[in-house]
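Everything on this sheet refers to the single structure shown next.
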Amino acid sequence: MNIILLGPPGCGKGTQAKKISEKYGLAHVSTGDLLRKAAAEKTEIGLKAKEYMDKGKLVPDKLVIELMKEKLSDNALLDGFPRTINQALALKNFFDVNVVLNIDVDFRILVKRLTGRRSCACGAVYHIEYNPPEKENVCNKCGSKLYQRDDDREDVVIKRLETYKKETAPLTEYYSEKNKLKTVDGNGSIDETFRKICEILRKTLKAFS
Ligand code: AP5
2 MNIILLGPPG CGKGTQAKKI SEKYGLAHVS TGDLLRKAAA EKTEIGLKAK
52 EYMDKGKLVP DKLVIELMKE KLSDNALLDG FPRTINQALA LKNFFDVNVV
102 LNIDVDFRIL VKRLTGRRSC ACGAVYHIEY NPPEKENVCN KCGSKLYQRD
152 DDREDVVIKR LETYKKETAP LTEYYSEKNK LKTVDGNGSI DETFRKICEI
202 LRKTLKAFS
């Protein structure tokens, strides 16, 4: 099964992607994680991408499409790709999508989720209020100090949400016209949202079997 996770910054794509990929045995491919890793390793692509990410802008299509072409195989869950119509058009040449899950969350909640997020180098993600670590600012899994992503500062968050509305939101119409889109209310807790997603995936799997 091939899934795309769509939705604004902070809607819970990364959080849900980990749970879905574990339950359904899918490869979790996150463009944000790949780009941040490249930036941390100071590769040419990574350094170029960071300039855009820190401003709340999308990394140019050409660069992201090249990166994704190398990473994709079947039974994958795409988290953060595609994010533009051009990316979606490129993707259909090398990836067959079964379902697009669109996580819908109120704008006000998104800002709170993003500015309160704390991340760990090991990939774990927390929230100071909604999903706090056991020990303040320390990762439960590896004991490292947590950090705030550069693009989770409020000014960049607002910019990212504007970028989403302008460049990524049109994808909901694109996939809806192709009868692939399933919208999930993501305003509730992490577990509530996961339950709703599993229900959709149960029906999707049934339709494909
Ligand atoms: P990326 O890392 O993909 O960022 P994003 O889409 O902005 O999404 P986030 O990771 O910020 O949020 P999320 O939806 O995964 O939420 P999370 O689960 O962490 O991309 C970063 C940048 O890279 C982009 O801005 C762009 O520059 C570039 N980029 C990436 N892909 C690109 C592409 N295809 N093309 C061009 N450029 C690209 O949750 C957020 C917080 O809320 C966490 O603290 C979590 O614990 C908490 N939380 C989650 N769910 C709940 C819940 N239900 N209730 C309460 N708290 C919750």
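Take 2 as the starting number for the sequence shown in the numbering used here and just add one per residue.
Backbone N, C-alpha and C define an ideal beta-carbon position, used for all residues, glycine too.
At a Cβ-Cβ threshold of 8 Å, L59 and E174 do not count as neighbours. The residue among N76, A91, T85 and L111 with its C-alpha nearest the C-alpha of V100 is N76. Within the chosen limit of 7 Å, ligand 1 reaches the beta carbon of L59 through at least one heavy atom. Under the 10 Å beta carbon count, G144 is surrounded by fewer than 16 other beta carbons and is classified as exposed. By the CB criterion at 8 Å, L111 and P9 fall inside the cutoff.
Leaving aside the five residues that flank R161 on each side, the residues in its chain whose CB is nearer than 6 Å to its CB run, in chain order, P10 and G57.
Looking at the backbone, the Cα of P133 and that of L115 are separated by about 14 Å.
Out of I201, K207, A208 and I46, the CA that lies nearest to the CA of L102 is found in I201.
CA-to-CA, the gap between Y127 and L206 works out to about 31 Å. Each residue's CA atom was taken as its position, placing D105 and K49 some 30 Å apart. Nearest to E67 by alpha-carbon distance, out of E42, K43, L182 and L36, is L36.
With a 10 Å radius around the Cβ and a threshold of 16 neighbouring Cβ atoms, C123 comes out exposed.
The beta carbon of F82 sits closer than 7 Å to at least one heavy atom of ligand 1. Relative to the non-hydrogen atoms of ligand 1, the Cβ of K38 never comes closer than 7 Å to any of them. Shown here, A18 sits in a helix according to DSSP, grouped into three states. Taking T85 as the centre and dropping the five residues before and after it, the same chain places the C-beta of L59, D62, E168, T169 and L172 closer than 8 Å to its C-beta, in chain order.
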